[in-house]
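Residue numbers (my numbering), protein chains in the order written: chain A, 1 to 349; chain B, 350 to 698; chain C, 699 to 1047; chain D, 1048 to 1396.
No residue lacks a Cβ here, since even glycine has one placed at the ideal position from N, Cα and C.
Protein chains: 4
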Amino acid sequence: MSKSRVAIVGATGYGASEILRLLMGHDGVEVSLLTSESSRGKRISQVLPRFRGVCDRELVPFSLEAVVSAADVVFLAMHAGKALEVAPQLLAAGKKVIDLSADFRLKDPAVYEQWYGLPHSCPELLPRAVYGLPELHREAIRGADLVALPGCYPTSVLLATAPLLKRGLADPVSVHATCMSGVSGAGRSKLGIDYHFPEVDENLKAYGLMGHRHRPEMEQELSLLAGTPATMLFVAHLVPVIRGILSTVTVSLTDQVSQEKLQALYEDHYGSEPFVHVMEPGEHPETRNVQGTNACHLSVTAEPRTGRAILLAAEDNLGKGIAGQALQCMNLMLGLPETTGLRLAAVGL
Amino acid sequence: MSKSRVAIVGATGYGASEILRLLMGHDGVEVSLLTSESSRGKRISQVLPRFRGVCDRELVPFSLEAVVSAADVVFLAMHAGKALEVAPQLLAAGKKVIDLSADFRLKDPAVYEQWYGLPHSCPELLPRAVYGLPELHREAIRGADLVALPGCYPTSVLLATAPLLKRGLADPVSVHATCMSGVSGAGRSKLGIDYHFPEVDENLKAYGLMGHRHRPEMEQELSLLAGTPATMLFVAHLVPVIRGILSTVTVSLTDQVSQEKLQALYEDHYGSEPFVHVMEPGEHPETRNVQGTNACHLSVTAEPRTGRAILLAAEDNLGKGIAGQALQCMNLMLGLPETTGLRLAAVGL
Amino acid sequence: MSKSRVAIVGATGYGASEILRLLMGHDGVEVSLLTSESSRGKRISQVLPRFRGVCDRELVPFSLEAVVSAADVVFLAMHAGKALEVAPQLLAAGKKVIDLSADFRLKDPAVYEQWYGLPHSCPELLPRAVYGLPELHREAIRGADLVALPGCYPTSVLLATAPLLKRGLADPVSVHATCMSGVSGAGRSKLGIDYHFPEVDENLKAYGLMGHRHRPEMEQELSLLAGTPATMLFVAHLVPVIRGILSTVTVSLTDQVSQEKLQALYEDHYGSEPFVHVMEPGEHPETRNVQGTNACHLSVTAEPRTGRAILLAAEDNLGKGIAGQALQCMNLMLGLPETTGLRLAAVGL
Amino acid sequence: MSKSRVAIVGATGYGASEILRLLMGHDGVEVSLLTSESSRGKRISQVLPRFRGVCDRELVPFSLEAVVSAADVVFLAMHAGKALEVAPQLLAAGKKVIDLSADFRLKDPAVYEQWYGLPHSCPELLPRAVYGLPELHREAIRGADLVALPGCYPTSVLLATAPLLKRGLADPVSVHATCMSGVSGAGRSKLGIDYHFPEVDENLKAYGLMGHRHRPEMEQELSLLAGTPATMLFVAHLVPVIRGILSTVTVSLTDQVSQEKLQALYEDHYGSEPFVHVMEPGEHPETRNVQGTNACHLSVTAEPRTGRAILLAAEDNLGKGIAGQALQCMNLMLGLPETTGLRLAAVGL
């Protein structure tokens, strides 16, 4: 059987180029097109020398025709609002689309408009779009032709809370998430003093307090899990690492749950998941242990004094946070083994 | 008037040597003795070349006689339990003692024993010891001859919450603190794989989940502030910076408090404090802005959706977290202007 | 044909565990044994959670019998002097041995004794041992059963200088190498204040000035390349990165060599090498572009004012510096395609 | 006697704001004016919160009148070419001018034009401008009204080599400097992908190989020291620290010089210098030990095998590299004790 052909639209960003890096180790598909406006005409290995000797493909400007003719699966890594224009045409041409942006994440177009400041031009596609978190929506992803990849923070927070919310063991209006992210989460093109090395290194800060765009997305999925509207408190922090998200999530338990029961519940829930690993009792996740991979490491701790559970989740924001998840979704959409190209030990020591 | 003479017992640790660094810019006292067991006989500038040309004093082994004869004020930087032995004798000799350890922080000797695994050998001194956080106990510190310096985390959490708790505006059993600390908080002598550069850099992790020793200390002071027993949830994190603590504290407001009122309340509460700065609305604290100083930067954000306030506090764990605070207490104890030697712009850019 | 079986002796160190990481993506061999004394009885994924879900093999204590019965190829990652004891027995049992230590690097046992303070107990094996740098000794490696992997610094310095020295275009007593290394080069078990995060981060220093153990090894190979005794000046630096070596090497050119000719010479020399990439004119190597890979990036610059060439080489000290090179040698020794398991894009952004 | 009044033109850059930080601890002058175009109308503590509670002065746009009326001493931190316009007018008004740019460093206006791409509009001032390195030109600085502060790299390289060159003990065409700098050397306004955190952290690279602007400046001063034209090889490196330069300089010794003699020579040469410290034999400089200070730490190592000396120099590029040196020059120009405001222990641990 011939391999599916894959295009990456906007290939030089951090998330997109990480997809390319992972695809270099994936033997079930073939990269057939890389587009870039700013670097058109150059080879990807000239723009990003980390691909020297591994991928020397030329970057071409985006055109619908080129993508349609070259690819069966398309990863879209475009600015907010652009996928709204491109995805409908690709779907019409029978392509499978995996969108890295938020354009199809929010089911309610009004919420999209409120948070992204743009009218949603194709709300009719929203029911068709599947939120690309396989541990929550695996079957839907298998059948989807339009997948909206989750934000990097939501992936970790949702994996941390799903087992409790789904069983009604946590109060859905008590979710409290303080998350730290590496700086690659800000992307490659968003330059400026905020990400200037001398102002980031040796520094800790919170940001987005008055409303981070990942919050509505999380509340949507938390509500789905709980079967009732969820409200969460979310504080994001920027810390001086390149890759990695550590989410410290706490929730009120609706009932007494012992440490042993909590641990067993999570081990059971994620026992057959290839990428979600529950740490042994007493161990806690560290981002270095997932660096460069699609893994999410979790630990669960009951805090009887406050009646809360402390849920820790570590992921690589460019791994399970975007690129790894993108490949996992692609594998499902193409009927390939879900772990193809993703059985990787972490690069962190 | 002759200057007070100051001794530092255990001068080569991070906290103690930071006290020495700050004392080099303090013109109201005179450093008269530095002790060290491990480096006895060497000059401090040989052990710590950052003092080359600034302080070349010889390190001598500790002896009660030497300290008593050389100093009026003594900073004790010793392992847990050692200050219990030394402080009573220094007090008996009429010295003023500022202890960096936890030996005199907890008012209840049983709590001390529970958390530090040692019986408290001089509980009769506990009522005499003052918790060395000037913004909470200024007058008592002025009159004290034994000051127990707070832990680095508690300083930030208590400064963040005091205005609300004192006024009964926050529920004292709802305090939720997730804090990040730089690695110098672990000290200079606690070597090991946990602080080995390749395992710390580019890594994020939580630690001490099942009970961090700073929690009982915080709950003691939170209860005092609230006038009723407080219970808190506390998660500490280790992040790859040398200096700096960022504490993200949230509390349930007992009543609707608008953003404007919250901001005004904090500005009013800390308006005359020389070292606690409330950020302007929309600004948030960053640890680089307090690096090397005794400052604590705070921001306050009302979160009406959850009914909580988000309180952010940044300090240098070696500054307001220990050494700066030590000098601030010393100034108070000696009747010197409180800011002597501490009016410093941060070293971070 | 059945796959060769591979053992790693001393599997939890940084170099050895990086070999394991790379082997997880190598489909031509099978990992059959991992030994560790300190972590015996645990699974590798317990000791190093970066292997969770990828390799859960149990660590067993070393025994000759176990290794002989389990493996065809053995990677030895032991303390200096231990391979001297083990390698002869493994060779006698018909195994192929790849040694990570310096035990078989130096052809002159007296030089070994001088630098490592140990008598060389099996000098008769030295002529049989091949210095495991494929770009210099490919054919010998193919036929070898004992390969001594080069030190991390030498690999970069030798790749940088080989084209000039081999052609007699550089003066072999003029080699001047100032190299920077990430801290993982110090290993996982060599803990201590020198690698304590607060003393390494935000710090730059040189070390080993009076004689770094990699110098005799480099001079041996430089002399072989030049066909005449070479003497070099070598200064190593420790910088706050985890992985990466950047070597800045300069040599006196024996004749006028234009920039164009120099560039062409290197491109020609390395044109068919899969892992050595000569940067385009004006571009220079950066360690992030080789992070996690077996690549070495080079640039060459003629400096007519001083008559020297400036040769820059970047490698991952755990990649081409040890583990990648180990796999490359193994592939050659087993007759597998040389790039098997090593066609990787770098993890650095 | 009334204190001299000081203005900083362009006060928000890294070098300029570091001057302000140091001036906050200088009791011999008074800051009377801070200018900024981009942040005009704001307080310096709003733009740079590290000054909260220490300096809240308003930033005003530059005007000659304002500076002339407010200040006796003026620090100019302007883009290349701007000081050429402003300095003559300030001098005409009787002010003392300390220029941070390269506008008055090079004695030959043709060299200036060649390297900075601008004609030098006031070459008549060049003989009057003194190169602001007190250890080389102390007496001239005392009498100067125009001081051109050296570049950050040249300070370290010149201090490392001066004792040998001045005595004719080193060959002036053999100077070989490989230097590493922290990223603050690139300044606060030069944003871009080159200084974007994810591309700088965990990365090592060289830059400016084909001609760094600090080279002509160094060769000018090296030639003066040697009394004969000097030529040097210079390679600059960018490494992931905020502050700090480590220069590794080697020179050919014209004669056999023993390690003991070399050490004694340097200790003698710098024995009375308050800011240049020669490390004890076997010790080497580390940038953390000079962080935030005006110190330069040196070590000297004879390498008999190659007949060269290895000279290591560590400085804070924002300290002795610019702001500390600026205060040191100011002290000399004003007849104040040279160390006023500069007796500081380093902030690095």
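Under 7 Å by beta carbon: chain C residues contacting residue i
i: A1282 of chain D; result: Correcting the residue identity first, residue 1282 of chain D is Val in this sequence and not Ala. Residues of chain C passing the Cβ test: T946 and I1008.
i: R21 of chain A; result: A1043
Host beta strand (DSSP E) of residue i (start-end)
i: L587 of chain B; result: M581 to L587
i: V898 of chain C; result: Segment F895 to V898 is the alpha helix (DSSP H) holding V898 of chain C; no beta strand (DSSP E) there.
i: L1080 of chain D; result: V1076 to T1082
i: M180 of chain A; result: V175 to S181
i: L1293 of chain D; result: I1292 to S1299
i: R657 of chain B; result: R657 to E664
i: V809 of chain C; result: Element bounds for V809 of chain C: not the beta strand (DSSP E) but the alpha helix (DSSP H), P807 to Y814.
Bounding residues of the alpha helix (DSSP H) (the contiguous stretch that carries residue i)
i: S1092 of chain D; result: I1091 to V1094
i: C501 of chain B; result: C501 to K515
i: D1315 of chain D; result: Q1306 to Y1317
i: S1148 of chain D; result: Looking at the DSSP string, S1148 of chain D is not in any alpha helix (DSSP H), and its letter there is neither H nor E.
i: A904 of chain C; result: Careful: A904 of chain C lies outside any alpha helix (DSSP H), inside the beta strand (DSSP E) at K903 to Y905.
i: L1070 of chain D; result: Y1061 to L1070
i: A1273 of chain D; result: H1261 to A1273
i: L844 of chain C; result: First-last for L844 of chain C: L844 to A846, but that is the beta strand (DSSP E), not the alpha helix (DSSP H).
i: N331 of chain A; result: G324 to L334
Buried versus exposed, by CB contacts within 10 Å (16 or more), residue i
i: Q256 of chain A; result: exposed
i: T228 of chain A; result: exposed
i: E488 of chain B; result: exposed
i: G117 of chain A; result: exposed
i: G631 of chain B; result: exposed
i: R401 of chain B; result: buried
i: P1210 of chain D; result: buried
i: K610 of chain B; result: exposed
i: K794 of chain C; result: buried
i: D108 of chain A; result: exposed
i: R657 of chain B; result: buried
Interface partners of residue i on chain A, CB under 8 Å
i: G751 of chain C; result: P274, F275, H277, A295 and R343
Supposed close pair residue i, residue j - CB separation, criterion 8 Å
i: F411 of chain B; j: E386 of chain B; result: 7 Å
i: E1362 of chain D; j: I1292 of chain D; result: 5 Å
i: S353 of chain B; j: V378 of chain B; result: 5 Å
i: G990 of chain C; j: A1044 of chain C; result: 6 Å
i: Q918 of chain C; j: L804 of chain C; result: 6 Å
Partner residues on chain B for residue i, Cβ-Cβ distance less than 8 Å
i: P1351 of chain D; result: Result: empty, since nearest Cβ-Cβ is about 27 Å, beyond 8 Å.
Closer than 7 Å at the beta carbon, the chain A residues around residue i
i: L698 of chain B; result: P198 and E199
Residues sharing a beta bridge with residue i, DSSP
i: R5 of chain A; result: A:E30
i: V276 of chain A; result: A:C296
i: V422 of chain B; result: B:V355 and B:K445
i: T1348 of chain D; result: D:I1357
i: A87 of chain A; result: Paired residues: none, contrary to the question.
i: V1177 of chain D; result: D:V1194
Amino acids of chain D, ordered along the chain, whose beta-carbon sits closer than 8 Å to that of residue i
i: I242 of chain A; result: F1244, P1245, D1248 and E1249
i: H982 of chain C; result: K1252, A1253, Y1254 and L1256
Amino acids of chain B, ordered along the chain, whose beta-carbon sits closer than 7 Å to that of residue i
i: A1393 of chain D; result: R399
Partners in chain D for residue i, counting only beta-carbon separations shorter than 9 Å
i: G374 of chain B; result: G1072, R1390, L1391 and A1392
Neighbour list for residue i in chain D, Cβ cutoff strictly below 7 Å
i: R840 of chain C; result: Those do not exist, as R840 of chain C stays about 33 Å from chain D at its closest Cβ, beyond 7 Å.
**OP:** Give the residues from the stretch 174-206 of chain A that approach chain F closer than 7 Å (Cβ to any Cβ), ordered along the chain.
**Re:** The structure shown contains no chain F; its protein chains are A, B, C and D.
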